[in-house]
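One structure below.
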Amino acid sequence: MTSRREFLSVASLAATGIVLSPLVACSREAPTTGAATTATATPAPATGPMLTRPIPSTGEQLPVIGAGTSGSYEVALDSQEYQTLKDVARIFFEGGGSVIDTSPNYSNAEDVVGALLDEGGWRERCFLATKLAADSRAELEAQWADSLRRLRTDRVELLAVHNLRNLTEAMPFARELKEQGLVKYIGLTHYLTSAHGELLQAMQDEQPDFIQVNYSVNSPAAASRLLPAAADQGVAVMINRAFDDGRLFARVGGRALPGWAAEAGVTSWSQMFLKFAISHPAVTVVIPATGKSDRQADQLNAGHGELLTAAQQEELVGMFS
Ligand SMILES: NC(=O)c1ccc[n+]([C@@H]2O[C@H](COP(=O)([O-])OP(=O)(O)OC[C@H]3O[C@@H](n4cnc5c(N)ncnc54)[C@H](OP(=O)(O)O)[C@@H]3O)[C@@H](O)[C@H]2O)c1
């Protein structure tokens, strides 16, 4: 667990590289068709552009609020949940989102993402991230071909090795795909604090463009060594489990937001947890998951307004540790 002192020493670093972007973050063609919508009451969207941060290896700007797909996108294509996800995707892209993270490990999530991007016409606005998770070269090749087919695309923006699995074969394969122009960036992921040491070592050995790691108000350990090392090494950081897989909402219950929340433009706990993640200067994008329209709209609002001060971040860690 990160000590309060270690956390503060990192959190008090000045935020660097943060800029405002137009609503459509990637300079790509606008979609020609809109996704079908489902009537849902959603929070009013924040006005103005979402904050962006640069990918250190290229300078490409990414909107700070992305979308995860574990669980929330693992639904049948003929279900009502899929119809709702069309609305979620529309809210996400129209609200300035771009980064979607998925994996062949999330049952049919890649099929769902592929269908949403295809049917909604969102592919050119999307920074699409998927993963490699297989134990031999032959399986890696087959899995990659299957991911492209399921995602209905011929390339992805980011290909990461899932939970550092079979690194010795997976990273060379990912590098080959990058050299062939089928993948723009390569990365490494994990979601457990107990794996941070291993992830740090792999980041130093492999020099990826991205790491993806867990970081939240109740699991802030990445701030002690991993996030500063990523900043020093020029590695982009994608944050998973910002809600501790949803468990943080049970922790807050009906508890009121801190009195200073309005100073950062925060009006919900969801926004507060996401703002905590993006307030670390090493963080490029946070990828919360949701399959609900109102929650998606609420999450996007965290990409606007002031970041949290070091003292505010420390107070949150104190509340949830
Ligand atoms: N090893 C890896 O590479 C790895 C590991 C873990 C995660 N990831 C990636 O990171 C993403 C995020 O992590 P995660 O999905 O594990 O956890 P998370 O984003 O911390 O939490 C997602 C959960 O929170 C719920 N939720 C969202 N907003 C809510 C709200 N306002 N009130 C109550 N519940 C709410 C969602 O349910 P609803 O859908 O019902 O809203 C979902 O069950 C994943 O989806 C995945 O893309 C990668």
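Residue 1299 in the numbering used here sits at position 307 of the sequence shown, with consecutive numbering throughout. Every residue gets a Cβ at the ideal spot worked out from N, C-alpha and C, and that includes glycine. As the structure is a computational prediction, the values presented were derived from the model and not from experiment.
key: Pair within 8 Å by beta-carbon distance, L1143 and F1165   = no
key: Residue from G1189, G1179, D1127 with nearest C-alpha to L1120   = G1179
message = Measuring alpha carbon to alpha carbon, tell me which residue in V1309, A1256, R1233, V1244 is nearest T1282.
response = R1233
ask   = Do A1274 and ligand 1 come close, with the Cβ less than 7 Å from some heavy atom?
value = no
inquiry  = With the cut-off set at 8 Å, would you say L1109 and L1151 are in Cβ contact?
reply    = no
query = Between V1277 and S1128, what straight-line distance do the alpha-carbon atoms span, to the nearest angstrom?
reply = 30 Å
task = Give the single residue among Q1199, S1062, P1041, R1115 whose Cα lies nearest to the Cα of Q1053.
result = P1041
key: Beta-bridge pairing of P1280 - partner residues as DSSP gives them   = Looking at the DSSP assignment, P1280 forms no beta bridge with any residue, so it has no partner.
ask   = Alpha carbon to alpha carbon, what distance is there between T1050 and S1090?
value = 17 Å
request  = State the start and end residues of the unbroken beta strand (DSSP E) segment that holds Q1204.
outcome  = 1202-1206
Which listed residue (F1312, A1303, A1289) has its alpha carbon closest to that of F1084 = A1289
task = Please list, in chain order, all residues of the same chain as I1047 whose beta carbon is under 6 Å from its beta carbon, the five residues on each side excluded.
result = A1228
message = For a test of your reading of the model: does the CB of N1210 fall under 7 Å from any non-hydrogen atom of ligand 1? Yes or no.
response = no
key: Helix, strand or coil at D1093 according to DSSP, with G and I counted as helix   = strand
key: CB of N1293 within 8 Å of CB of P1055, strictly   = no
task = Have a look at T1076 and A1068 and give me their C-alpha separation to the nearest angstrom.
result = 12 Å
inquiry  = Any contact between the stretch 1260-1268 and the stretch 1175-1192? By contact I mean 3 or more CB pairs, one from each, below 8 Å.
reply    = no
query = Using a threshold of 7 Å, is the CB atom of A1166 nearer than that to any non-hydrogen atom of ligand 1?
reply = no
ask   = Closest by CA to E1116, which one among V1148, Q1172, G1060?
value = V1148
beta-carbon S1090 near ligand 3 non-hydrogen atom, thresh 7 Å = For the structure depicted, ligand 3 is absent and the ligand set comprises only ligand 1.
message = Between the alpha carbons of G1088 and I1279, how many angstroms are there, rounded?
response = 14 Å
query = Can you find a heavy atom of ligand 1 that lies under 7 Å from the Cβ of T1061?
reply = yes
query = For P1096 versus S1139, is the C-beta spacing smaller than 8 Å?
reply = yes
inquiry  = Rounded to the nearest angstrom, what separates Y1177 and S1062 at their Cα positions?
reply    = 21 Å
inquiry  = For Y1183 and D1237, I'd like the C-alpha separation in whole angstroms.
reply    = 10 Å
query = What is the DSSP secondary structure of G1245, reduced to helix, strand or coil?
reply = coil
inquiry  = For a test of the three-state rule: what should DSSP assign to Q1053, helix, strand or coil?
reply    = strand
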